[in-house]
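S.K.: Residue numbers (our numbering): 498 to 839.
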Ligand code: SAM
C-alpha cells in the first residue's frame, strides 16, 4: 500500500509520534506529580509491546511518520524496554513517503530522567535507540531533591555521562524552569551543557502539573532565559526551527548550542507535527487536548489496520490550531503530564 501523508485540518503533516510506555515514575517532580496519591493504571490497561508495535507500524508504514519518542511516566521503569526499542527500531519509513527519512529507519528517541541510564543505555543503544533527552532541573543536590522529591542527582549525572559515552547520535538535557524554584540556575545549567558539549533545552513551565499549582507568574519566559545566558555567553539565533519544539541559539565562542521550548510565551503550534499515544492506548492530537481516541479498545476488539487508520484519521481531523494557555477559554486537560506522556 502506498504511504500517504497524515494531514490535519490546518495543513500540518504529522511526522512525530510520542508514545508513553508507562504512567509510573521513580521521581515525583513537583511540577509534574504529587508526592503521593497517584493512581496507577492497572497492568491490563497498558498496551503490550506487541500492541505498541502494531500501532507504531500503522503510523510509520501508512503515513510516513518518521520519528518516535518513547516517554512516560519514566520509560526506563517499564520492564524490558530494550525489547520494545528493538521492535520499533526495525520500522522503516516507506520509500514513497514525502518524509526526508524515506527509505530509512525511523528516528527513535527516548525522554528519561536518567536515573537508571548507567544500567541500561548500552543495551538501549544496541537495540537501536538513536537519541536521548535527559531531564535535569538543578545541579544543586538539595534543590534537586526538593524538585524531584528524590536524592538522585549523582545517579542522574552519572546517567548523563554514560549517555554521552554511548555513541548515540544525540544527547540533550531538558530543564523545566520555574520562577522562584530553579531560575537562579539557568546560567549554571547552560554552562554545564557547554562544558559537556550537550545542548541544554530549557522548557517553560506548563499548566500540566498534577497538583494544579501552575500560575503564569511562575513561568520564566524564553526572552528572559535567553537574556540571562547571553549576558555571560553571547548567543546568536540558529535559524529555522521547523517542526521541532525548541528555538535554538549558538554560542558565539563556538561552544555549542542551547535551546528553549517556549510553549507558553511563544507557542509553536503552527508548526506542530506531533501526536501522542498514552500508555493505555489513548490517542491524543495535542498535549493539551481535552478529548482522546481509544485505539486500545479498537485494537483489542480485533480491528484490522484499515479500521485503525479510520480512527486515526478521524482523530487527526480534530487537531486544534493551537492550545489556549493564557486565554480565557483554556481548559486544563483531565490528565497531567506524567499520565499523558511528555
Ligand atoms: N520521566 C521522563 C523525564 O523525566 O524526562 C519522561 C517523562 S516527563 C513527563 C517528560 C518531560 O516533561 C520532562 O522533561 C519533564 O521535565 C517535562 N515536564 C513535566 N511536567 C512539566 C510541566 N508542568 N511543564 C513543563 N514541562 C514538564
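All residues carry an ideal CB built from backbone N, CA and C; glycine is no exception.
Whose C-alpha, out of 504, 498, 503 and 509, is nearest the C-alpha of residue 766?
M.R.: Taking the first residue of the chain shown as position 1, residue 766 is located at position 269. Closest option to residue 766, Cα to Cα, is 509.
S.K.: Using a threshold of 8 Å, is the CB atom of residue 844 nearer than that to any non-hydrogen atom of the ligand SAM?
M.R.: Summary: the structure shown does not reach residue 844, with the chain confined to residues 498 through 839, and so no result is reported for it.
S.K.: For a test of your reading of the model: does the CB of residue 630 fall under 8 Å from any non-hydrogen atom of the ligand SAM? Yes or no.
M.R.: As a first step, residue 630 is located in the chain shown; it is residue number 133 there, counting from the start. Residue 630: yes, Cβ under 8 Å from the ligand SAM.
S.K.: Quick one: Cα of residue 560 to Cα of residue 726, how far?
M.R.: For the purposes of this step, residue 560 is identified with residue 63 of the chain shown, where counting begins at 1. For the purposes of this step, residue 726 is identified with residue 229 of the chain shown, where counting begins at 1. Cα to Cα, residue 560 sits roughly 40 Å from residue 726.
S.K.: Mark residue 690 as exposed unless 16 or more other C-beta atoms lie within 10 angstroms of its C-beta, in which case mark it buried.
M.R.: Counting from 1 along the chain shown, the entry for residue 690 is found at position 193. Result: buried.
S.K.: Does DSSP classify residue 510 as helix, strand or coil?
M.R.: For the purposes of this step, residue 510 is taken as residue 13 along the chain shown, with counting starting at 1. Strand.
S.K.: In or out: residue 719 buried (at least 16 other Cβ within 10 Å) or exposed?
M.R.: Stepping through the chain shown from its first residue, residue 719 is reached at position 222. With 16 or more Cβ atoms within 10 Å of its Cβ, residue 719 is classed as buried.
S.K.: Would the C-beta of residue 703 count as close to the ligand SAM, meaning under 8 Å from any of its heavy atoms?
M.R.: Translated into positions along the chain shown, residue 703 becomes position 206. For the ligand SAM, at least one heavy atom lies less than 8 Å from the Cβ of residue 703.
S.K.: Within 10 angstroms of its Cβ, does residue 749 collect 16 or more other Cβ (buried), or is it exposed?
M.R.: In the chain shown, residue 749 corresponds to position 252, counting from 1. Exposed, since its Cβ has fewer than 16 Cβ neighbours within 10 Å.
S.K.: Do the CB positions of residue 899 and residue 605 come within less than 9 Å of each other?
M.R.: Nothing about residue 899 can be read from this structure; the chain reaches only from 498 to 839.
S.K.: Which same chain residues end up closer than 7 Å to residue 675 when comparing Cβ atoms and leaving out the 5 residues on each side of it in sequence?
M.R.: For the purposes of this step, residue 675 is identified with residue 178 of the chain shown, where counting begins at 1. 528, 702 and 715.
S.K.: The ligand SAM heavy atoms versus the CB of residue 843: any closer than 8 Å?
M.R.: As displayed, the chain neither begins before 498 nor continues past 839, which places residue 843 out of reach and without an answer.
S.K.: Cβ atoms of residue 772 and residue 515: under 9 Å apart, would you say?
M.R.: The residue labelled residue 515 in the question sits at position 18 within the chain shown. The residue labelled residue 772 in the question sits at position 275 within the chain shown. Inclusion of residue 515 and residue 772 in the CB contact set at 9 Å is warranted, their separation being smaller than that value.
S.K.: With a Cβ-Cβ cutoff of 9 Å, do residue 464 and residue 523 count as a contact?
M.R.: Beyond the ends of the chain as shown, which are 498 and 839, falls residue 464; an answer cannot be given.
S.K.: Alpha carbon to alpha carbon, what distance is there between residue 807 and residue 551?
M.R.: By 1-based counting over the chain shown, the position of residue 551 is 54. By 1-based counting over the chain shown, the position of residue 807 is 310. Between residue 551 and residue 807, the C-alpha separation is close to 15 Å.
S.K.: Among 541, 501 and 695, which one has its Cα closest to the Cα of residue 629?
M.R.: As a first step, residue 629 is located in the chain shown; it is residue number 132 there, counting from the start. When only C-alpha atoms are compared, the closest one is 695.
S.K.: Taking the CB atoms as reference points, tell me whether residue 555 and residue 805 lie closer together than 9 Å.
M.R.: Counting from one through the chain shown, the residue named residue 555 turns up at place 58. Counting from one through the chain shown, the residue named residue 805 turns up at place 308. It is a contact, given that the beta carbons lie within the stated cut-off.
S.K.: Look up residue 701 in the DSSP assignment and give the residues it is bridged to.
M.R.: The residue you call residue 701 lines up with position 204 of the chain shown. Paired residue(s): 674.
S.K.: Give the DSSP bridge partners of residue 711, in chain order.
M.R.: If you number the chain shown from 1, residue 711 lands on position 214. Partner(s): none; residue 711 has no beta bridge.
S.K.: May I ask whether a heavy atom of the ligand SAM can be found less than 8 Å away from the beta carbon of residue 572?
M.R.: By one-based count along the chain shown, residue 572 stands at place 75. Yes, the beta carbon of residue 572 sits closer than 8 Å to at least one heavy atom of the ligand SAM.
S.K.: Rounding to the nearest angstrom, what Cα-Cα distance links residue 786 and residue 705 in this structure?
M.R.: For the purposes of this step, residue 786 is taken as residue 289 along the chain shown, with counting starting at 1. For the purposes of this step, residue 705 is taken as residue 208 along the chain shown, with counting starting at 1. Answer to the nearest angstrom: the Cα atoms are 11 Å apart.
S.K.: Taking just the CA atoms, how far does residue 732 sit from residue 632?
M.R.: The residue you call residue 632 lines up with position 135 of the chain shown. The residue you call residue 732 lines up with position 235 of the chain shown. About 23 Å.
S.K.: Have a look at 729, 764 and 730 and flag the residue whose alpha-carbon is nearest the alpha-carbon of residue 741.
M.R.: In the chain shown, residue 741 corresponds to position 244, counting from 1. Out of 729, 764 and 730, 764 has the C-alpha closest to the C-alpha of residue 741.
S.K.: Anyone know if the C-beta pair for residue 671 and residue 640 falls short of 9 Å?
M.R.: To locate residue 671, count along the chain shown from 1; it is residue 174. To locate residue 640, count along the chain shown from 1; it is residue 143. Contact flag unset, no.
S.K.: Within a Cβ cutoff of 6 Å, which residues of the same chain sit near residue 645, ignoring the five residues on either side of it in sequence?
M.R.: Locating residue 645 in the chain shown gives position 148, where the first residue counts as 1. Cβ neighbours of residue 645 beyond the five flanking positions: 524 and 526.
S.K.: Express the C-alpha separation of residue 565 and residue 837 in angstroms, rounding to a whole number.
M.R.: Position 340 of the chain shown, counted from the first residue, corresponds to residue 837. Position 68 of the chain shown, counted from the first residue, corresponds to residue 565. About 15 Å.
S.K.: With DSSP as the reference, label residue 517 as helix, strand or coil.
M.R.: Here residue 517 refers to the residue found at position 20 when the chain shown is read from its first residue. In the three-state DSSP reduction, residue 517 falls in the strand class (E or B).
S.K.: Could you check how far apart the C-beta atoms of residue 673 and residue 634 are, in whole angstroms? I think they sit under 8 Å.
M.R.: In the chain shown, the residue the question calls residue 673 occupies position 176. In the chain shown, the residue the question calls residue 634 occupies position 137. So it is a contact: roughly 6 Å between Cβ atoms.
S.K.: Restricting to Cα atoms, I'd like to know which of 683, 692 and 541 is closest to residue 721.
M.R.: The sequence position of residue 721 within the chain shown is 224, counting from 1. The residue with the shortest Cα to Cα distance from residue 721 is 683.
S.K.: The ligand SAM and residue 746: does the residue's C-beta get closer than 8 Å to at least one heavy atom of that ligand?
M.R.: On the chain shown, position 249 is the one that residue 746 refers to. Not so, every heavy atom of the ligand SAM lies at least 8 Å from the Cβ.
S.K.: Does DSSP put residue 774 in a helix, a strand or coil?
M.R.: Here residue 774 is taken as the residue at index 277 of the chain shown, counted from 1. It is a strand residue.
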